[in-house]
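Same order as they appear, the protein sequences are chains A and B. For what it's worth, our numbering labels the leading residue of the first sequence as 1, then goes sequentially. For what it's worth, our numbering labels the leading residue of the second sequence as 1001, then goes sequentially. In this text, a Cβ means the ideal position worked out from N, Cα and C, and glycines have one as well. This structure is a prediction, so every number in the text was calculated from the model and none was measured.
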Amino acid sequence: MLKTAKQDWVIKSKSNWLNIDFISAWEYKDLFILFIKRDFVAFYKQTILGPLWFFLQPIITMFVFAFVFGKIGNISTNNLPKPLFYLPGIICWNYFAECILKNSTVFRDNANLFSKVYFPRIILPMSIVFSSMVRFFIQQFLFVIILIIYSFNGFKTHINATILLLPVLLILMAALGQGIGLIISSLTTKYRDLALLVNFGVQLLMFSTTVAYPLSAAPQNFKFWIALNPMTTILETFRYSFLGQGQFSVSALIYTSILTLVIFLLGIILFSKVEKDFIDTI
Amino acid sequence: MKSTALKVENISKSYLIGKISSGTLSRDIESKLTNWFSKKSDEDILNKNEKVWSLKDINFELKQGEALGIIGKNGAGKSTLLKILSRVTTPTKGNIYGTGRIASLLEVGTGFHPELSGRENIFLNGAILGMKKHEIKRNFDEIVDFSGVEKYIDTPVKRYSSGMYVRLAFAVAAHLESEILIVDEVLAVGDADFQKKCLGKMGSISKGQGRTVLFVSHNMQSIQSLCSKALLLNKGKMQGFGAVPEMISKYLQNNEIFIPLNERTDRKGDGKVKVISVHFIDAKTNQFTNNFYVGMDLIIEIELASIQFNLNHHLEISLGISDQFGTRITLISNKVSGQNLNPFPNGNWSQKIHINKLPLVMGKYFFTVFISSNGNVHDWIIDAFPIMIESDKYYGELVHTLPTGQGNIYTDFQFI
């Protein structure tokens, strides 16, 4: 045995149920930032329109929603102008969905990297959540500009104190997306069929929450089920804070926070179980 | 006394071969449930699967500044050991204790992104390998200089030639500042000049900077010149740990699975003239020998059998000599020397070849036998038999080995 004072680290065969070393992860903060930068830069370097895509995608989706759900489906927007109603939902959902999708393929996408070099694995999925956040902020900026344009044209914005909850909402979305994504990615190293389900599932999931319709417009007997989806609380609170419309309740927020925490921890634990020897099974 | 840098204790790694998982969730749940109800423990299920040990009870200790060469055949467990040491995968049993930062180079250019520029990739790759941003900044100019791609440093690496790509990648890796460095055979890339540069850099890392290096290679010459100790693995077990020359000769010995000529099934040719066996005679003592040393006078005796052979045809006997990497070193042939062979009868006979002052450097060589006449191949056996050449005594009793990278043939010269 080495003298304990001299020995810096140990590689052990046995590991605890949660073996993520957050202290050594902090040592790699430079890599974490570079991963975020890489994702962002690589994304717009490959496109012609570049960062413009960040704006085009939610706006086009908004027009489609306004046409299909607003015009044809005649679904209420709580008397809000359609762009102002749909945009926050689309932007938040985009962020959430991207967190799930990108996290769910984190092992597959980085198999080569993981099999060649060690770094605390957790920083890779974490960096995904943060690099997607850059896009979220840019799109959020777009929403605020549109909101300002509307308010100049006489729309009353109803911005209230709950706007201070925005960082909390963002953290909840990130943690929820990360948690679900990590659970899926951990299971897909063993069960490939789950991977097929993800894209499809995320699409379906969007209709189970209040992206394209307000909670108030849902049939009474479905409301409970829709509210069970943690994203519903996040979306409703988000709209409420900017537009004064939507349902804000502290108890729903607490429920969502607890559920998010559970899912997030479950994701992290599963990930830490899989990451240590997933290279052997790939 | 230098302190211990790395201590490996009873490291073992097993893989399960067989049905670990059926691959789909529903079937897995089903089998888990049936196992529950039939009250089988997980241990039973494990026992049903075949457990294969790719590494078993590896123990060694390295002092700071030592360079360890890890040698062994393919499948001996070298890569698995490197993967465990690099923390890419975990050992099934055992512990590893270490002092100082550890960095591994199992591949050059890990994590390079084709869309990013050379500059951006230096930072990204450096960080992936465990460097801090300020360390990369401090070494940036040196890295660019070493790679020789300064003109294209702001071009996306997808436009680089493969040579430039590899040079840049190695340049980053060569400037790692970790106390322990693990290197796989990544040096087998790039052109000869760059390989030499890499080997030189590796040498200065271990010898000059006092860092601990673990190095896997099939190239015994680079192991010999870079390493101070060697670990020999065979089928996942430790076969030896100690001085480099000793381990290398042990490795070359057990590397031998020699198939006798009459059992070879991959011979080519019509068989009108066939090699029966080959003997070696030390010309000085006129005795049969199996010990070969540099500079010896050697007689090779080839026993042959000919059936229905047209004796008017001119027979050609060739011996090709290749090194252990399969590179052809030279050819001994009566066609090259322009000699006609003495007449011989149909039936058994033998042909001797005399070699003056065997000029090959220490190492293992394979002889390929080729017999033909008038363009007809009679017998052709690739790598028919190996020989191990030992002790360097070409230029008299003074033992002077050719420096690494300076070829593998001695020239019979004199300074006058």
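Margin query: Does the contact criterion of 3 or more C-beta pairs under 8 Å hold for the segment 1337-1355 of chain B versus the segment 1293-1302 of chain B?
Written below: As far as the Cβ criterion goes, the segment 1337-1355 of chain B touches the segment 1293-1302 of chain B, which means the pair count is three or higher.
Checklist line | Heavy atom of the ligand SAM within 6 Å of Pro-1260/B beta-carbon | finding: Among the components modelled here there is no ligand, and therefore nothing to report on the ligand SAM.
Check: Can you tell me whether DSSP reads Gly-1407/B as helix, strand or coil?
Finding: Reading the second sequence from its first residue, position 407 is the one you call residue 1407/B. Here Gly-1407/B sits in coil by DSSP.
Notebook entry, point to check: Does DSSP put Val-1377/B in a helix, a strand or coil?
Noted result: Working through the second sequence from its first residue, we reach residue 1377/B at position 377. DSSP places Val-1377/B in strand when its eight states are reduced to three.
Check: List, in order along the chain, the chain A residues whose C-beta lies closer than 9 Å to that of Leu-1129/B?
Finding: Counting from one through the second sequence, the residue named residue 1129/B turns up at place 129. Scanning chain A for C-beta atoms nearer than 9 Å to the C-beta of Leu-1129/B yields Val-117 and Phe-119, reported in chain order.
Check: Which two residues bound the contiguous beta strand (DSSP E) that contains Val-1216/B?
Finding: Here residue 1216/B is taken as the residue at index 216 of the second sequence, counted from 1. Counted as a single uninterrupted DSSP element, the beta strand (DSSP E) harbouring Val-1216/B occupies residues 1212-1216.
Check: Along the segment 1056-1086 of chain B, what residues have a CB closer than 8 Å to any CB found in chain A?
Finding: So the close ones are Lys-1083, Ile-1084, Leu-1085 and Ser-1086.
Note to self: Considering only DSSP beta bridges, list what Glu-1390/B is partnered with.
What the structure shows: Position 390 of the second sequence, counted from the start, is the residue given in the question as residue 1390/B. DSSP output for Glu-1390/B lists Tyr-1293/B as bridge partner(s).
Check: If you run the structure through DSSP and keep just helix, strand and coil, what is Gly-1111/B?
Finding: The residue labelled residue 1111/B in the question sits at position 111 within the second sequence. In the three-state reduction of the DSSP assignment, Gly-1111/B falls in the coil class.
Notebook entry, point to check: In chain order, what residues of the same chain have a beta carbon less than 7 Å from the beta carbon of Gly-1077/B, not counting five sequence neighbours either side?
Noted result: Numbered from 1 along the second sequence, position 77 holds the residue referred to as residue 1077/B. Same-chain partners within the cutoff: Ser-1054, Leu-1055, Leu-1233 and Gly-1236.
Item checked: Partner residues on chain B for Leu-34/A, Cβ-Cβ distance less than 7 Å -> Here residue 34/A corresponds to residue number 34 of the first sequence, with the count starting at 1. Chain B residues near Leu-34/A: Phe-1123, Leu-1124 and Ala-1127.
Next item on the list: Would you grab the beta carbon distance between Ser-1277/B and Glu-1316/B for me? Rounded to a whole angstrom, and I think it's under 8 Å.
Entry: Within the second sequence, residue 1277/B is the residue found at index 277, counting from 1. Within the second sequence, residue 1316/B is the residue found at index 316, counting from 1. In fact, because the Cβ distance is near 20 Å, the residues do not count as touching under 8 Å.
Checklist line | Counterpart residues of Ala-1305/B in DSSP-defined beta bridges | finding: On the second sequence, residue 1305/B is found 305 positions in, with the first residue counted as 1. Under the DSSP definition of a beta bridge, Ala-1305/B partners with Lys-1274/B and Asn-1348/B.
Check: chain B partners of Leu-266/A, CB-CB under 8 Å?
Finding: The sequence position of residue 266/A within the first sequence is 266, counting from 1. Within 8 Å Cβ-Cβ: nothing; Leu-266/A doesn't reach chain B, min ~17 Å.
Margin query: Below 8 Å, how does it come out for the segment 84-99 of chain A and the segment 133-143 of chain A: are there three or more Cβ pairs, yes or no?
Written below: Verdict: yes, contact present.
Notebook entry, point to check: Taking three-plus beta-carbon pairs below 8 Å as touching, is the segment 148-159 of chain A in contact with the segment 232-247 of chain A?
Noted result: Segment contact: the segment 148-159 of chain A against the segment 232-247 of chain A, three or more CB-CB distances shorter than 8 Å; contact assigned.
Item checked: Close-in-space but distant-in-sequence residues of the same chain around Arg-1101/B (CB under 8 Å, 5 per side omitted) -> Here the question's residue 1101/B lines up with position 101 in the second sequence. Closer than 8 Å at the Cβ level, and outside the excluded window around Arg-1101/B, lie Gly-1130, Glu-1177, Ser-1178, Glu-1179 and Ile-1180.
Next item on the list: Over the uninterrupted beta strand (DSSP E) stretch that includes Asn-1234/B, give me the two end residues.
Entry: Locating residue 1234/B in the second sequence gives position 234, where the first residue counts as 1. Counting along the chain, the beta strand (DSSP E) containing Asn-1234/B begins and ends at 1229-1234.
Next item on the list: Starting from Gly-1075/B, follow the beta strand (DSSP E) in both directions and report where the run begins and ends.
Entry: Taking the first residue of the second sequence as 1, we reach residue 1075/B at position 75. For Gly-1075/B, no beta strand (DSSP E) encloses it, and the DSSP letter there is neither H nor E.
Note to self: I want to see whether chain B comes within less than 7 Å of Trp-9/A, judged by CB atoms only; does it?
What the structure shows: Reading the first sequence from its first residue, position 9 is the one you call residue 9/A. So, interface residue.
Margin query: Considering only the alpha carbon of each residue, which of Leu-1214/B, Gly-1271/B, Phe-1170/B and Thr-1285/B lies closest to Leu-1082/B?
Written below: For the purposes of this step, residue 1082/B is identified with residue 82 of the second sequence, where counting begins at 1. Comparing Cα positions, the closest option is Leu-1214/B.
Next item on the list: Name the residue from Pro-88/A, Thr-77/A, Ser-24/A and Asp-193/A whose alpha carbon lies nearest to the alpha carbon of Gln-140/A.
Entry: In the first sequence, residue 140/A corresponds to position 140, counting from 1. Ranking Pro-88/A, Thr-77/A, Ser-24/A and Asp-193/A by CA distance to the CA of Gln-140/A puts Pro-88/A first.
Item checked: Rounded Cβ spacing between Asn-1010/B and Met-1238/B (contact assumed at less than 8 Å) -> Translated into the one-based positions of the second sequence, residue 1010/B becomes position 10. Translated into the one-based positions of the second sequence, residue 1238/B becomes position 238. In fact, because the Cβ distance is near 11 Å, the residues do not count as touching under 8 Å.
Check: Are the CB atoms of Leu-1231/B and Leu-1068/B nearer to each other than 7 Å?
Finding: Within the second sequence, the letter at position 231 stands for residue 1231/B. Within the second sequence, the letter at position 68 stands for residue 1068/B. In contact: Leu-1231/B and Leu-1068/B (Cβ atoms closer than 7 Å).
Next item on the list: Would you please state the rounded distance, in angstroms, between the beta carbons of Leu-1124/B and Ser-1147/B? I believe it to be under 8 Å.
Entry: On the second sequence, residue 1124/B is found 124 positions in, with the first residue counted as 1. On the second sequence, residue 1147/B is found 147 positions in, with the first residue counted as 1. At roughly 15 Å, the Cβ-Cβ gap does not stay under 8 Å, so Leu-1124/B and Ser-1147/B are not in contact.
Note to self: Residues in the same chain with beta-carbon distance under 7 Å from Ile-234/A, minus the five sequence neighbours each way, listed in chain order, please.
What the structure shows: In the first sequence, residue 234/A corresponds to position 234, counting from 1. Cβ within range, chain order: Cys-92, Leu-169, Leu-172, Met-173 and Thr-256.
Check: Does DSSP put Tyr-28/A in a helix, in a strand, or in coil?
Finding: Here residue 28/A refers to the residue found at position 28 when the first sequence is read from its first residue. DSSP places Tyr-28/A in coil when its eight states are reduced to three.
Next item on the list: Leaving aside the five residues before and after Met-206/A along the sequence, list all residues of the same chain whose C-beta is less than 8 Å from its C-beta, in chain order.
Entry: Counting from 1 along the first sequence, the entry for residue 206/A is found at position 206. Sequence-distant Cβ neighbours of Met-206/A in its own chain, meaning closer than 8 Å and more than five residues away, are Trp-93, Ala-97 and Ala-212.
Next item on the list: Report yes or no: is there a C-beta of chain B within less than 7 Å of the C-beta of Asp-284/A?
Entry: Given a span of 1 to 282 for chain A in the structure shown, any question on residue 284/A remains unanswerable.
Checklist line | Which listed residue (Met-62/A, Ile-48/A and Leu-113/A) has its alpha carbon closest to that of Phe-35/A | finding: The residue labelled residue 35/A in the question sits at position 35 within the first sequence. When each option's Cα is compared against that of Phe-35/A, the closest is Leu-113/A.
Note to self: By DSSP's criteria, Glu-1263/B is part of a beta bridge. Which residues make up the other side?
What the structure shows: For the purposes of this step, residue 1263/B is taken as the residue at position 263 of the second sequence. According to DSSP, Glu-1263/B bridges with nothing at all.
Check: What does Ser-1372/B pair with, by DSSP beta-bridge criteria?
Finding: Indexing the second sequence from 1 puts residue 1372/B at position 372. Residue pairing by DSSP places Ser-1372/B opposite Glu-1316/B and Val-1377/B in a beta bridge.
Margin query: The alpha helix (DSSP H) that contains Tyr-255/A, what's its start and end?
Written below: Residue numbering aside, residue 255/A sits at position 255 when the first sequence is read from its first letter. Run containing Tyr-255/A: 250-275, per the alpha helix (DSSP H) assignment.
Next item on the list: For the alpha helix (DSSP H) holding Phe-222/A, just list the boundary residues, first then last.
Entry: Residue numbering aside, residue 222/A sits at position 222 when the first sequence is read from its first letter. Run containing Phe-222/A: 220-228, per the alpha helix (DSSP H) assignment.
Notebook entry, point to check: Does Asp-39/A have its Cβ less than 7 Å from a Cβ in chain B?
Noted result: Locating residue 39/A in the first sequence gives position 39, where the first residue counts as 1. Among the CB atoms of chain B, none fall inside 7 Å of the CB of Asp-39/A.
Item checked: Rounded separation between Met-126/A and Arg-1119/B - CA only -> Position 126 of the first sequence holds residue 126/A. Position 119 of the second sequence holds residue 1119/B. Approximately 24 Å, taken between the alpha carbons.
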